[in-house]
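Protein sequences, first through last, are from chains A and B. Numbered per our numbering, the first sequence finishes at 692, counting up by one with no gaps. Numbered per our numbering, the second sequence finishes at 185, counting up by one with no gaps.
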Amino acid sequence: MTPEKIKEKINKTVQKITPDISEQIILDARKRVHQEKKEKSRGFSWKPVLIFAMSCLLFVTIIVTRPATSVVAATISLDINPSIEITLDEKDKVIEIFGKNEEGIDVVENLNVKGCQVKVALKTLIESLLEQGYLNDSANSILVTVDNENITANLMEMIEDILAEDDFDGSVVCQNLKNNPDLVKLAETYNISIGRAQLITELIALDSTYNIEELAKLNVTQLNLLLGNSENTIPGIQRMGQASQKEYIGEEKAKEIALKSVKASATEISDYTMEIDYRHHNIVYVIKFVYNNTDYVVMVNGTSGVILECEQENRQYKHQYEHSHSSSSNDDTSGHNHGKGSNSGNGNNYGNGSCIGQKNVKRIVLNHANASEYSNYKSELCLQDGKLVYCIEFKANSRQCKYVIDANTGEILEEK
Amino acid sequence: MTDFCKEGIDDVLLDECLEEIASDNMDGFRKLYELTSHILYGFSLSIVKDEYSAQDCLHDSYIKIIEAAKTYVSKSKPLAWMLTITRNTCLQRLRENKKQINLTEEQWILQAKEEDDVNVVDKEFLNQCLNQLDDKERQVIILHSLTGYKFKEIAQILKLPLSTVLSRHNRAIKKLQQIVKQEE
């Protein structure tokens, strides 16, 4: 049966079973109006007095009978966005649940979980987040920050169970809160939670080319995508599930675009790897492979599929070059480190007989062109007059830049 | 799908009905009820999953609509406004009852027998829709079947991203086709 027929069947059946209670509704609506008018017409009503008296009584009762204040044994912060904080007592029962931002306040408004066991509270909360669409196929990640490391493992397990029970393909990132007063300032400056501030700080510590203003704008699922990059492994962080890529073109499409750009087919390449990163204000796919004895690194915009950067190094050139130069050089010949976990040196050890590498050559040309923003970056290791050089082209400051750089010394040989 | 659904709901007509209700002309309400009651009822049913509760929600939603008609300002989306009221009424009821009621197959058949013009098989199919689909899939499929709304408009009513609504719709259709296949 076609989808249209199915819907028609649903429509017809619902039409048939819809009760006709229109007259009853009219009658009840009129009764309510009449009742309201009657109440208004009364000169004096005992109702407000009674309400006030009962409120006073209730207040006194609460004050007299309330138990001693519970001691907070752990605080759990959840970031989706919304941001929500839950405090627990020693028996893992919820003392309080707060919304830490506008959406968080909205979510917790109708949740009655005080006094519940943490698992019950988390289940209620997660189901509410799913119901309200904050957690969905595209935004599927939860960042959990805990100030008591004894409960971290348990918490991960609980959330994993809850997501499985709800048949939701979610991902959880769990970290322990560090005692760092700077995080509070950072969180306030960028209007993010302390948990996100900590995560971003740690990502920047791993890769200084990230910038805090940019990362603060990313949502939890995007940050989780960056954590999936093998070079962004932060000690102490636990992850479960995969961050959603539904907002992006996906690995297969990115691979197809990258291979097409160098006219290679999937069967002709080797040493293929793919990582997700954040560059040029976008989530990008960084695809590395070897084709025709050449190392390629192609960066594809995760949203548009446009190629942002392409670097290539012919292995034979490098091999011949390294043979004919110093035999002591055994570092940084990979060249395609692409700004992550690089062993390409600190930029001061050029001229030791090895190629300076793509990362260093990029730094040299971008500094020279005074380009903080650039696009269409292409870099190729070439032989020019028997000399191994990097030929580079990119667009920056509204002009096309071309450079030829000595692959051994980093010297700028030509510039246009 | 009925012609009514294919053409979509006439928002101008609904606005006129609401204007009449605002000036205490209950003929406007009767017209409004005739045009929209199956949509509001089906949507209620998709949230509370029980005919009796859905009827109560339908009743309470229309009472709220009548009361709010005086202050209603048309933004050319009267049905979306009515559906939001219905959704909030149903969610409030669920919170009060704490749980949804899953009717057994036998209960549905019994209820079906009480209504002369309803095909029991059709009603069983609706029962399957309500019970086999999850909450979100059910709401999307019911709204799409009854209102003829575009997915973008359904996404706005359910406060969900468009991509989520589309994936839930596709998932629901696959499940329903499976149910039909089994029945055949």
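By construction, the Cβ of each residue, glycine as well, lies at the ideal position given by its N, Cα and C atoms. Note that the structure is a prediction, hence the values are computed from the model and not measured.
How would you label ARG472/A, buried or exposed, when you count the other beta carbons within 10 angstroms and need 16 or more for buried? Buried, because 16 or more other Cβ atoms sit within 10 Å of the Cβ of ARG472/A.
Within chain A, the residues that ILE29/B reaches when beta carbons sit closer than 9 Å: Reading off the sequence, residue 29/B comes out as Gly, not Ile. Ordered by position in chain A, no residue passes the 9 Å Cβ test against GLY29/B, which lies about 11 Å from the chain.
Let me confirm a value: VAL576/A is counted as buried when at least 16 other C-beta atoms fall within 10 Å, else exposed. Which label applies? buried
Kindly indicate the opening and closing residues of the beta strand (DSSP E) around GLN451/A. Unbroken beta strand (DSSP E) run through GLN451/A: 447 to 452.
Exposure of SER580/A, with buried meaning 16 or more beta-carbon neighbours within 10 Å: Counting Cβ neighbours within 10 Å, SER580/A comes out exposed, since fewer than 16 surround it.
For TYR554/A, the three-state DSSP class (helix, strand or coil): strand
Between the C-alpha atoms of ILE438/A and VAL637/A, what's the straight-line distance to the nearest angstrom? 49 Å
Where does VAL290/A fall in DSSP's three states? DSSP, read as helix, strand or coil, puts VAL290/A in helix.
Out of ILE435/A, ASP458/A and PRO457/A, which has the shortest C-alpha to C-alpha gap to VAL448/A? ILE435/A
Buried or exposed: which applies to ASN412/A, given that a residue is buried once 16 or more other Cβ atoms fall within 10 Å of its Cβ? By the neighbour-count rule (16 or more Cβ atoms within 10 Å), ASN412/A is buried.
Let's test the definition: count the other Cβ atoms within 10 Å of the Cβ of MET83/B and tell me whether it reaches 16, buried, or not, exposed. buried
Grab the span of the alpha helix (DSSP H) containing ILE435/A for me, first residue to last. 428 to 441
For LEU131/B, the nearest candidate out of GLY43/B, LYS182/B and THR90/B (CA to CA): GLY43/B
Given a threshold of 16 other Cβ atoms within 10 Å of its Cβ, counted over all protein chains shown, does ASP355/A qualify as buried or as exposed? buried
Pick from LEU475/A, ILE301/A, LEU406/A and GLU687/A that is closest to ASN508/A, judged by C-alpha positions: LEU475/A
Cut-off 7 Å between Cβ atoms - residues of its own chain near ASN558/A, not counting five sequence neighbours on either side: ASN577, GLY578 and THR579
Sequence ranges, beta strand (DSSP E) only - wholly within the segment 342 to 421 of chain A, length at least 3: Listed in chain order, they are 350 to 355, 359 to 364 and 370 to 375.
Quick check on THR165/B: buried or exposed, where buried means 16 or more other Cβ atoms within 10 Å of its Cβ? buried
How should GLU544/A be labelled, buried or exposed, when 16 other C-beta atoms within 10 angstroms of its C-beta is the threshold for buried? exposed
Three or more beta-carbon pairs under 8 Å between the segment 560 to 567 of chain A and the segment 510 to 518 of chain A, yes or no? Contact between the segment 560 to 567 of chain A and the segment 510 to 518 of chain A is absent: fewer than three C-beta pairs spanning the two stretches fall below 8 Å.
Rounded to a whole number of angstroms, what is the C-alpha to C-alpha distance between GLN291/A and GLY409/A? 29 Å
Bridge partner(s) assigned by DSSP for ALA519/A: Paired residue(s): none; ALA519/A is not in a bridge.
Closest Cα partner of PHE670/A within the set GLN660/A, TYR653/A and THR485/A: TYR653/A
Contacts of ASP413/A in chain B (Cβ-Cβ under 9 Å): PRO162, SER164, THR165, SER168 and ARG169
Mind checking which residues open and close the beta strand (DSSP E) that includes CYS91/B? From DSSP, CYS91/B is part of no beta strand (DSSP E) but of the alpha helix (DSSP H) over 79 to 98.
Within a Cβ cutoff of 6 Å, which residues of the same chain sit near PHE374/A, ignoring the five residues on either side of it in sequence? GLU361
With C-beta atoms as the reference, is LEU92/B less than 8 Å away from ILE48/B? yes
Which of the three DSSP states is assigned to LYS531/A in this structure? helix
In the DSSP assignment, what are the bridge partners of GLU587/A? DSSP lists VAL573/A and SER655/A as the beta-bridge partner residues of GLU587/A.
Taking its Cβ as the centre, do 16 or more other Cβ atoms sit within 10 Å of ASP682/A, making it buried, or is it exposed? buried
Taking beta-carbon pairs under 9 Å, can you tell me which members of the segment 514 to 533 of chain A lie near chain B? LYS522 and GLU523
From ARG675/A to ASN643/A, what does the alpha carbon distance come to, in whole angstroms? 15 Å
Interfacial residues, the segment 388 to 408 of chain A to chain B, with Cβ spacing under 9 Å: ASN388, LEU406, GLU407 and GLN408
Give the secondary structure of PHE30/B by DSSP, where H, G and I count as helix, E and B as strand, and everything else as coil. helix
Considering LEU502/A, what are the terminal residues of the alpha helix (DSSP H) in which it resides? 496 to 503
In chain order, what residues of the segment 663 to 685 of chain A put their CB closer than 7 Å to some CB of chain B? Of all residues in the segment 663 to 685 of chain A, none places a beta-carbon less than 7 Å from a beta-carbon of chain B.
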